[in-house]
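Notes to accompany the following structure.
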Amino acid sequence: MALRYVTEAKQFGAALCGCHAICRGLFGSHLAAHAVPQFLGFALLAACGLRAWFVDGGYLELASTPGVTRASAFGELASTLQIPFQLYELACALGVKRLRGKSFELVAHHALALLLAVLSARKGLYFYYGAYFMGVSEVSSLPLAFVDAFKMFKHLKRDYPTANAIARPTFAVCFLALRTVYWPVVSYHFWAASLAHAGDALEVNTFLVVNILMTSLQAYWTKLILEGLYKLVTGDPTADDVGKDN
Numbered sequence: 001m002a003l004r005y006v007t008e009a010k011q012f013g014a015a016l017c018g019c020h021a022i023c024r025g026l027f028g029s030h031l032a033a034h035a036v037p038q039f040l041g042f043a044l045l046a047a048c049g050l051r052a053w054f055v056d057g058g059y060l061e062l063a064s065t066p067g068v069t070r071a072s073a074f075g076e077l078a079s080t081l082q083i084p085f086q087l088y089e090l091a092c093a094l095g096v097k098r099l100r101g102k103s104f105e106l107v108a109h110h111a112l113a114l115l116l117a118v119l120s121a122r123k124g125l126y127f128y129y130g131a132y133f134m135g136v137s138e139v140s141s142l143p144l145a146f147v148d149a150f151k152m153f154k155h156l157k158r159d160y161p162t163a164n165a166i167a168r169p170t171f172a173v174c175f176l177a178l179r180t181v182y183w184p185v186v187s188y189h190f191w192a193a194s195l196a197h198a199g200d201a202l203e204v205n206t207f208l209v210v211n212i213l214m215t216s217l218q219a220y221w222t223k224l225i226l227e228g229l230y231k232l233v234t235g236d237p238t239a240d241d242v243g244k245d246n
C-alpha cells in the first residue's frame, strides 16, 4: 500500500530536526532543545487524534467495534506522523541519557510505537484505532512536557511556581482519564476487531502483542502517578516526582 502522507511525514521530520537545531543554539544543550519540538509534536499528534475521535465522531462508533481496516483520514495522518516523531525521539534518547528512562522504558516505548506506526502506514491497518492510541492519548503528554521541564530545569520551577503547581495535577488527571481508564476500553474493542479480522496474521499478532506491552507500560506509569499524587496530597517534599519516571 502506498503511503498517503509521505510528504507530510518528511516535512514534519524536517521541522522537528530544524526546531531542535535552533533551540540547541538558543538553549545550549540537547536536553533543553528537545523540549520544544517534542511539545510541538505532541500538539500536532493530539490535534489529529482529537479531530478524528471527537470532531469526526470516531468515539461514537466505538461501541460497534469498527474493523481494523476502518478508514480514518486523521487517524492515518497521526499514524504516519508518528514515524518521524518516534525516530526523532529515539535519536534524542540515544544522545541524551535523561531521555532514555531509568530502565530504558522510554526507548522501548518509542521503538514499539515506531514499529506499530510503520506497520499501520504500510498495511493500511488500524487507522481508526490509531486515532486514539497515536493521537488522542498524546493529549496527556502536553502537560507532561511542562512537568518534565520543571523537573529538569529547577530555575523554571522557581520562576513559575503557579504553572508548576498546575501542570502536575493536570497531567495526572489527563493521564488517568485517557490512559488508565479509557485506554482499556478502546483496547477491548481493538482486540475484538483484531480477533475477528481474517488475514494479515503477522501484523495483527504484532499489534496484539505490542498492545499488551504498551498497556503494561501504562499500568506502570499509573502506579507512579498515583504514588506521586499521594505524596502531593500528604505534603511529601518529594511530590515533584509525580509523573512518568523518566
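If you count the sequence shown from 1, position 240 lands on 240 in the UniProt record's numbering, and the numbers rise without skipping. For glycine and all other residues, C-beta sits at the position ideal for the given N, C-alpha and C.
- In this model, L112 and L26 are separated by some 32 angstroms (Cα to Cα).
- T234 sits in a helix when the DSSP states are folded into three classes.
- Taking all protein chains shown into account, L90 has 16 or more neighbouring C-beta atoms within 10 Å of its C-beta and is therefore buried.
- The region 47-65 makes no contact with the region 159-178: fewer than 3 CB pairs, one atom from each, lie closer than 8 angstroms.
- Here DSSP, grouped into helix, strand and coil, assigns K102 to coil.
- Here N205 is exposed, its C-beta having fewer than 16 other C-beta atoms within 10 Å.
- Within the same chain, A32 come within 8 angstroms of F153 by CB-CB distance, once the 5 residues on both sides are set aside.
- Contact check between the region 195-212 and the region 166-177: fewer than three CB pairs, one atom from each, fall below 8 angstroms, which does not count as touching.
- Proximity to E61 across K231, V107, H189, F104 peaks at H189, based on C-alpha coordinates.
- In this structure, the alpha-carbon of F146 lies about 43 angstroms from that of G199.
- Rounded to whole angstroms, A9 and T234 show a C-alpha spacing of 45 angstroms.
- One thing to note: H34 has its Cβ no nearer than 8 angstroms to the Cβ of V107.
- A straight line joining the alpha-carbon of H109 with that of P84 spans about 15 angstroms.
- By the C-beta criterion, the region 67-86 is judged to be in contact with the region 123-135, since at least 3 inter-stretch pairs fall below 8 angstroms.
- If you compare the alpha carbons of A201, L115, A71, V139 with that of G124, the shortest gap goes to A71.
- Classified as buried, H20 has 16 or more neighbouring CB atoms from the shown chains inside 10 Å of its CB.
- A direct Cα-to-Cα measurement between W221 and F171 gives close to 12 angstroms.
- Shown here, G28 sits in coil according to DSSP, grouped into three states, outside any helix or strand.
- Assigned with DSSP and collapsed to three states, H197 falls in coil, not helix or strand.
- In the displayed model, F153 falls within coil according to three-state DSSP, outside both helix and strand.
- With respect to the 8 angstroms criterion, T215 and S194 are not classified as neighbours on the basis of their beta carbons.
- Under the DSSP assignment, R179 falls outside any alpha helix (DSSP H); it carries neither an H nor an E label.
- By the neighbour-count definition (other C-beta atoms within 10 Å, threshold 16), Y129 is a buried residue.
- D159 sits in a helix when the DSSP states are folded into three classes.
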